[in-house]
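Enquirer: With the first letter of the sequence shown counted as 1, position 88 gets the number 88 in full-length UniProt numbering; the numbers rise by one all the way through.
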Amino acid sequence: MIQSAGMSYNDFTVQYLSNEEQATAMQDGNIDVASYYSAVPTGGVEQLAAENDIRLISLDEELINKCISDWGFKKHVIEAGSYSWQTEDVDSIVADFHAIFVNQDMDADLAYRITKTCMDHIQELWNSNPGMDKVDNTCLDGWTTPALHPGAIRYYEEIGAKIPEGAYPPEYKKN
C-alpha cells in the first residue's frame with residue numbers, strides 16, 4: 001500500500017510491532033499511525049479504543065483502486081458498528097486470504113499436521129473471531145501467492161480440495 005500511495009519506507013520511521021504493541025505505542029504517544037492486518041474486530045484496536053478516543057480512516061477510492069491493480073487486493077468495507085464506538089463505514093482493502101506463514105524448510109509432516117489441525121478445528125477458529133468465518137477448504141479459490149507448503153498441499157489433496165495452479169511451489173512435483 002505504501003508503494004501504491006507513491007511513498008517509500010524512507011518517508012517515515014517504521015516500527016515492526018505486534019497488534020498489542022502498536023496499541024501500547026500509540027497510547028504512549030510513541031507512534032502516530034497503526035496499521036492492522038487482521039480480521040475485524042481486532043483486539044489491539046479494541047485495547048486502544050478502551051482508553052483513547054480513536055478513529056478509523058477510510059482509504060480514498062484512488063488508492064484502493066491502485067492497491068487492487070498493483071497487488072490484487074480487494075476493497076473491503078469495515079461496516080459501522082463493527083466496533084461499539086464506530087459510527088460510520090470505513091473503506092479499506094483486504095488481501096482476502098487467511099494464512100499461517102511458515103519457513104519453506106519446515107518439515108512437511110509438521111506443516112501437514114498444522115494444516116489438518118486447523119481445519120479439523122474449524123468451528124473453534126470461526127468462534128475465535130467473526131472475521132474468520134470465510135475460512136474453510138474452499139478458501140484456496142483464486143489463491144496465487146505465496147506458494148503453499150508441500151505439507152499443506154498434501155492435506156488439501158487428501159480432502160479433495162481444488163488447488164489452483166499458482167498455489168504450487170515451482171519445485172513441487174504433483175501426484
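Cβ coordinates follow ideal geometry from the N, Cα and C atoms, glycine included.
1) M7: buried (16+ other C-beta within 10 angstroms of its C-beta) or exposed?
2) Write down the C-beta distance between V102 and F73 rounded to the nearest angstrom, noting that I regard them as a contact closer than 8 Å.
3) Among D89, I159, L110 and I163, which has the Cα closest to the Cα of G151?
4) Measure the C-alpha to C-alpha separation of Y156 and A147 and round it to an integer number of angstroms.
5) Beta-carbon within less than 8 Å of M106's beta-carbon, same chain only, minus the 5 sequence neighbours each way: which residues are those?
6) Can you tell me whether V45 is helix, strand or coil according to DSSP?
7) Let me confirm a value: K162 is counted as buried when at least 16 other C-beta atoms fall within 10 Å, else exposed. Which label applies?
8) Looking at C-beta atoms only, is the number of pairs between the region 17-27 and the region 46-54 that lie closer than 8 Å three or more?
9) From what residue to what residue does the alpha helix (DSSP H) around S128 run?
10) Would you give the residue range spanned by the alpha helix (DSSP H) that D70 belongs to?
11) If I measure Cβ to Cβ from A108 and keep anything under 8 Å in the same chain, skipping five residues before and after, which residues do I get?
12) Compute the beta-carbon to beta-carbon distance between I78 and L59, rounded to the nearest angstrom, for a pair I have assumed lies under 8 Å.
Expert: Per the coordinate set shown:
1) Under this definition M7 is an exposed residue.
2) V102 to F73, Cβ: 23 Å. No contact.
3) Measuring from the Cα of G151, the nearest candidate turns out to be L110.
4) Here the C-alpha atom of Y156 lies approximately 13 Å from the C-alpha atom of A147.
5) Annotation for M106: H149 and G151 place their beta carbon closer than 8 Å to its own, counting only its chain and skipping 5 residues before and after.
6) V45 carries a helical assignment under DSSP once its states are collapsed to helix, strand and coil.
7) Residue environment analysis places K162 among the exposed positions, since fewer than 16 neighbouring C-beta atoms fall within 10 angstroms of its C-beta.
8) Three or more Cβ pairs closer than 8 Å define a contact, and the region 17-27 meets that threshold against the region 46-54.
9) Bounds of the alpha helix (DSSP H) holding S128 are I122 to S128.
10) Element bounds for D70: E61 to W71.
11) Contacts found: H149, P150, G151 and R154.
12) 11 Å between Cβ atoms; not a contact.
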